[in-house]
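**Q**
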Amino acid sequence: MPSHPSAANHPHAFRPVSATGGATLGDHRKYPGSRLVITCSLCGWSKGYNPERIVERLRQLKAGGHATPAGAIARRVAWNCPGCHRVKWRSDLAWPADLSPREVKRLASLYRN
Ligand SMILES: [Zn+2]
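Sequential numbering of the sequence shown, starting at -5, is according to this note's numbering.
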């Protein structure tokens, strides 16, 4: 199995917006700057997506929208993990680890205006 860099220096590291989970796709508006992140449960490989793009796609497919749980997207990922070549995904809203709390506040004020 290929080795993976630690979370600390991984360029695609994310931190969940909520410790309890249960966010919907539309909740990204409550968590400015957050991404829909799919993570491999087996090796930790992860990738973030624009939540609005995912919502648009679900609507086109008549398969969901803003109310769709972020955790439900994992079931729609059919491709193998680039890290370990297996298929066991989870998904959630998360912030890029390098997005500072200050930047989150700045984005929040932009959304309000
Ligand atoms: Zn993997």
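Heads up, the beta-carbon is just placed ideally off N, CA and C, and yes, glycines get one too.
Please write down, chain order preserved, every residue whose beta carbon lies under 5 Å from a heavy atom of ligand 1.
**A** Spelled out in chain order, the answer is C34, L36, C37, W39, C75, G77, C78.
**Q** What does the alpha-carbon distance come out to for the pair G58 and P26?
**A** Here the question's residue 58 lines up with position 64 in the sequence shown. Here the question's residue 26 lines up with position 32 in the sequence shown. Going by the C-alpha atoms only, they are around 21 Å apart.
**Q** Taking the C-alpha atoms as reference points, what is the distance between L104 and H22?
**A** Position 110 of the sequence shown, counting from 1, holds the residue named residue 104. Position 28 of the sequence shown, counting from 1, holds the residue named residue 22. Spanning the two alpha carbons is a distance of roughly 14 Å.
**Q** What is the DSSP secondary structure of L126, counted as helix, strand or coil?
**A** Any answer about residue 126 is impossible in this case: the structure gives the chain only from -5 up to 107.
**Q** According to DSSP, simplified to helix, strand and coil, what is S40?
**A** Translated into positions along the sequence shown, residue 40 becomes position 46. Here S40 sits in strand by DSSP.
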